[in-house]
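Enquirer: One structure is given below, represented as structure tokens, and several questions about it will come after.
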Amino acid sequence: MWALLLLALLVSAVLRFWQLDQIPPGLYRDEAFNGLDALKVLKGSHALFFPANNGREPLYIYLTAAAVAIWGQTTFAVRAAAAVVGTLTTIPLYFLGKTWFGWRVGVLAAWIWAITLWPVHLSRLGLRTILIVPIMALTFWLATEAYHRQKGWLWGLAGLAYGLGFYTYLAFRFTPLLLVLVVIYLMLSGRGRRLWPGAIWFLAGSLIVMLPMAVLIMQQPDLFFGRSGQVSILSPDVYEDSVLKTLAGNIWAAIGMFFWRGDSILRHNPPGRPVFDPLLAVPFIIGLLWCLRHWRRLAAMIVLLWLVVMLGPPSVAADAPHFLRAAGVLPAAVLLPALGLAWIWRWPRLPCWAGALLVGGLLLGSLLWTINDYQAYASDPQTAYAFEAAATELAGELQAEPSATDVYLDDRLWTSWPSLSFLVDDAARVTRYLSADDLPGTVQEPAAVYTWPYDALDFMPALLEPPLLLTVQDGALTRGDFEEEAYPLYVRYGIEPPSVVEPQGEAIFADQVYLHEANVAQLDPHTLQVDIYWSADGIVEDDLLLFVHVAGPQGLIGQDDTPLAGGRWPGAWWQPDLYLRESHTITLDEPFDSSRHQISLGLYRAYNGERLSVTDAASGEDLGTAWTLGGE
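In terms of our numbering, the sequence shown opens at residue 136 and continues consecutively.
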């Protein structure tokens, strides 16, 4: 038994900590706000409630502050508390299942928690939601022990744990209804006498912990109820034809999340994936039927009440079934398939070893199902957009700039993506600008100017004083929740001395543009990176397009056609002694072989497709309309 529990704990840890800073990719703004508030905690701001980002309870932020103190301003630090909590939740779920239904159910509940995609993903997000599960499991386990053993100190501990839950996540506010229903059931079934006087100790423990928060709520009620009002189905912005119709639809969606359609919000879940894969959906149904049949058993009734009540938060709010608001249902949701698997394990028609083997096979299959689905989810570009991975990449670039480089950043990038404020630990070396007036008259190399490329950038040429090398680089793609097309988050203009450029050049295009170098690097068998260095004596034609073709004996195997300099350096901006570098990544249909494949590049006019003539810079020889180069 203990070996199985320890193995479940190990599997739980591996699934939650493996590449925690990279999967899911990026650092979403809700996570980043937790990191920023954790920094405030470390600087001495010890709040009971954090009002930023629609308001948040404090417990997860304090845990994050401890992680940031250890691992610094990193994505790993923001998510580490969730991963630790998610891993350790295996233990109270085991004890709760064991106390209510026996050791088999306890062990199986631990395993289901460890391998099911929803709790795995929830444990990899730097959000406070994960805390509601262990707090509820611990409260009910301690209360059950206190109920059976009639120990006042156990009732008090259960109350302390319960009170702590109000510092976790807003869905916990539904739990008083669950407790009231459990007490009513105990009273009606003639078992309520055992609640006295333990309930007094429970209430005392709860009130001791809750008192500071209660005082703050009385002083500033808007802090706590503002977000609830925004997402409630009572809000005209949420309900459609009628409140009752919306409520009925939400309840149906909440029920269906276990079987046919889960949360469709990409940050919460692979869109539409049910809570349980088919291997665990059947045991879930078996467990549910078992509880309905044995409803007179206290533990079975509590599980049923738990399921109904804690499906309340997603049912009375927008976007049902919302896997963050529904997190409070997880202990009951885990116990039900555990009951079903335990029934299969003990099924009289199977030898005990065969039942155990079948259960083990179902759990192993579910684990593999989770890994496969989560890998596909993590590698989906849409997931990267949802978690604002482009902003995380920008933060990495800012951090990686050499100390001698002057860094200038459009202030809209800094203020619009809170992950930058958190992940850039030396913000003082980043000069933020609102307009060209905030920039120096001339930028001295080495320097890097990060721009928002969807406004006029006419100030850029005036910042430069050739000779210099200008590297034009689009940032990673991003896309808002309600935007259809992805776009580069920023453009980086890197300014360096021109010493790395070969001055004599290789070719001249239509007596306008000089090609100095074209270097090829093979990133992997199917991917090439081509770095191209240009210059011009003055203004060049607008709307020139660049083609880079990779061809073999059977024709093209890869190509890239883009505006010259990615369209980020118009023809009127070219100046003598200004060398411009651009980089192109080309995906190939077959592995690159320099002995069989040829790389060529050229320029053509966008309006008619006419290619520019190419002349050898050294000999003046006419080379046609393309420059051919070798590979490295």
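Note that CB positions come from ideal geometry on N, CA and C, so glycine has one too. Predicted model only: the values in this text are computed from it and were never measured.
Would you mind giving the Cβ-Cβ distance between W480 and A491, rounded to the nearest angstrom? I have them listed as a contact below 8 Å.
Expert: Right, their Cβ atoms sit about 6 Å apart.
Enquirer: For the 8 Å Cβ check, are there 3 or more pairs between the segment 153-173 and the segment 265-277?
Expert: Output reads no: the segment 265-277 does not touch the segment 153-173.
Enquirer: Using 8 Å as the threshold, is the C-beta distance between L503 and A645 below it?
Expert: Cβ distance not < 8 Å, so L503 and A645 don't count as in contact.
Enquirer: Give the DSSP-derived three-state secondary structure of F184 in the structure shown.
Expert: In the structure shown, F184 sits in coil (DSSP, three-state: anything other than H, G, I, E or B).
Enquirer: Going by DSSP, what residues sit across from N654 in a beta bridge?
Expert: Bridge partners of N654: D666.
Enquirer: CA-CA distance, Y628 and A583?
Expert: Whole-angstrom Cα-Cα distance: 6 Å.
Enquirer: Expressed to the nearest angstrom, what Euclidean distance is found between the alpha-carbon atoms of M774 and L569?
Expert: Here the chain comprises residues numbered 136 to 767, so residue 774 is not present and cannot be evaluated.
Enquirer: Quick check on the burial criterion: 16 or more other C-beta atoms within 10 angstroms. Buried or exposed for N507?
Expert: N507 is exposed by the Cβ-count criterion.
Enquirer: In chain order, what residues of the same chain lie with their CB nearer than 6 Å to the CB of E725, ignoring the 5 residues before and after it?
Expert: Closer than 6 Å at Cβ, skipping near neighbours: I692.
Enquirer: How would you write the range of the beta strand (DSSP E) that S735 sits in, first residue to last?
Expert: Per DSSP, S735 belongs to the beta strand (DSSP E) from 733-740.
Enquirer: Out of Y543, A656, T274, which one is the CA nearest neighbour of I226?
Expert: Answer by Cα proximity: T274.
Enquirer: Let's test the definition: count the other Cβ atoms within 10 Å of the Cβ of A562 and tell me whether it reaches 16, buried, or not, exposed.
Expert: Exposed.
Enquirer: Touch check for the segment 451-466 and the segment 329-339: three-plus C-beta pairs under 8 Å?
Expert: No, they do not touch.
Enquirer: Using C-beta distances below 8 Å, list every residue in its chain close to E767, excluding the 5 sequence neighbours before and after it, in chain order.
Expert: Caution is warranted here: a pLDDT of 38 is assigned to E767, below 50, making its placement in the model unreliable, and the coordinate value is therefore given only provisionally. Closer than 8 Å at Cβ, skipping near neighbours: N654, V655, A656, Q657, S729.
Enquirer: Tell me the residue span of the alpha helix (DSSP H) that contains T279.
Expert: Run containing T279: 267-284, per the alpha helix (DSSP H) assignment.
Enquirer: What's the C-alpha gap between I667 and L574?
Expert: Whole-angstrom Cα-Cα distance: 28 Å.
Enquirer: Can you list, in chain order, the residues of its chain whose CB lies under 7 Å from that of Y302, leaving out five sequence neighbours each side?
Expert: Same-chain partners within the cutoff: E192, P193, L194, M348.
Enquirer: In the DSSP output, what is V683 paired with across the bridge?
Expert: D695, L736, per the DSSP bridge assignment.
Enquirer: Check each candidate in V149, Q354, L171 and name the one with the smallest Cα separation from T830.
Expert: One cannot answer for residue 830 here, as it falls past the ends of the chain, which runs 136 to 767.
Enquirer: In whole angstroms, what separates the C-alpha of A621 from that of R484?
Expert: Distance between the alpha carbons of A621 and R484 is about 57 Å.
Enquirer: Apart from the five residues just before and just after V438, which ones in its own chain have a Cβ nearer than 6 Å to its Cβ?
Expert: So the qualifying residues of the chain are C426, A467, L470.
Enquirer: From F152 to V213, what does the alpha carbon distance come to, in whole angstroms?
Expert: C-alpha separation (whole angstroms): 12 Å.
Enquirer: Whole angstroms are fine: how far does the CA of K233 sit from the CA of I400?
Expert: So the two alpha carbons sit approximately 34 Å from each other.
Enquirer: Looking only at its chain, what residues have a beta carbon closer than 7 Å to the beta carbon of D678, apart from the 5 residues adjacent to it on each side?
Expert: Same-chain partners within the cutoff: R740, A741, Y742.
Enquirer: Answer yes or no: do R567 and L544 have a C-beta to C-beta separation smaller than 8 Å?
Expert: Their beta carbons are under 8 Å apart, which means R567 touches L544 by this criterion.
Enquirer: For L260, report the span of its alpha helix (DSSP H) as first-last.
Expert: From DSSP, L260 is part of no alpha helix (DSSP H); its letter is neither H nor E.
Enquirer: Measuring alpha carbon to alpha carbon, tell me which residue in F307, L289, L758 is nearest P449.
Expert: Among F307, L289, L758, the Cα nearest to that of P449 belongs to F307.
Enquirer: Taking only runs that begin and end inside the segment 387-444, name each unbroken alpha helix (DSSP H) of 4 or more residues, in chain order.
Expert: Runs of the alpha helix (DSSP H) inside the segment 387-444: 413-428.
Enquirer: Take Y512 and list the residues in its own chain whose beta-carbon comes closer than 7 Å to its own, dropping the five residues that flank it on each side.
Expert: Cβ neighbours of Y512 beyond the five flanking positions: P405, T518.
Enquirer: Who are F644's beta bridge partners in DSSP?
Expert: DSSP, once it has assigned bridges, lists V648, V749 as partnering F644.
Enquirer: Express the C-alpha separation of G422 and P660 in angstroms, rounding to a whole number.
Expert: If you take the alpha carbons of P660 and G422, they lie about 51 Å apart.
Enquirer: For the putative contact between L713 and L598, defined by C-beta atoms under 8 Å, what is the C-beta separation to the nearest angstrom?
Expert: With a Cβ gap of about 12 Å, L713 and L598 do not count as contacting.
Enquirer: With H, G and I counted as helix, E and B as strand and the rest as coil, what does DSSP make of A607?
Expert: The question names Ala, but residue 607 is Val in the sequence shown. Of the three classes helix, strand and coil, the one that applies to V607 here is strand, per DSSP.
Enquirer: Taking the straight line between their C-alpha atoms, what separation do you get for G263 and R428?
Expert: Going by the sequence as given, residue 263 is Arg instead of Gly. If I take the Cα positions, the gap works out to 36 Å.
Enquirer: Using a Cβ-Cβ cut-off of 7 Å (strictly less than) and excluding sequence neighbours within five positions of A525, which residues of its own chain qualify?
Expert: These residues qualify, in order along the chain: G610, A611, L612, T613, L624.
Enquirer: With 16 other CB atoms within 10 Å as the buried threshold, where does T720 fall?
Expert: That one is exposed.
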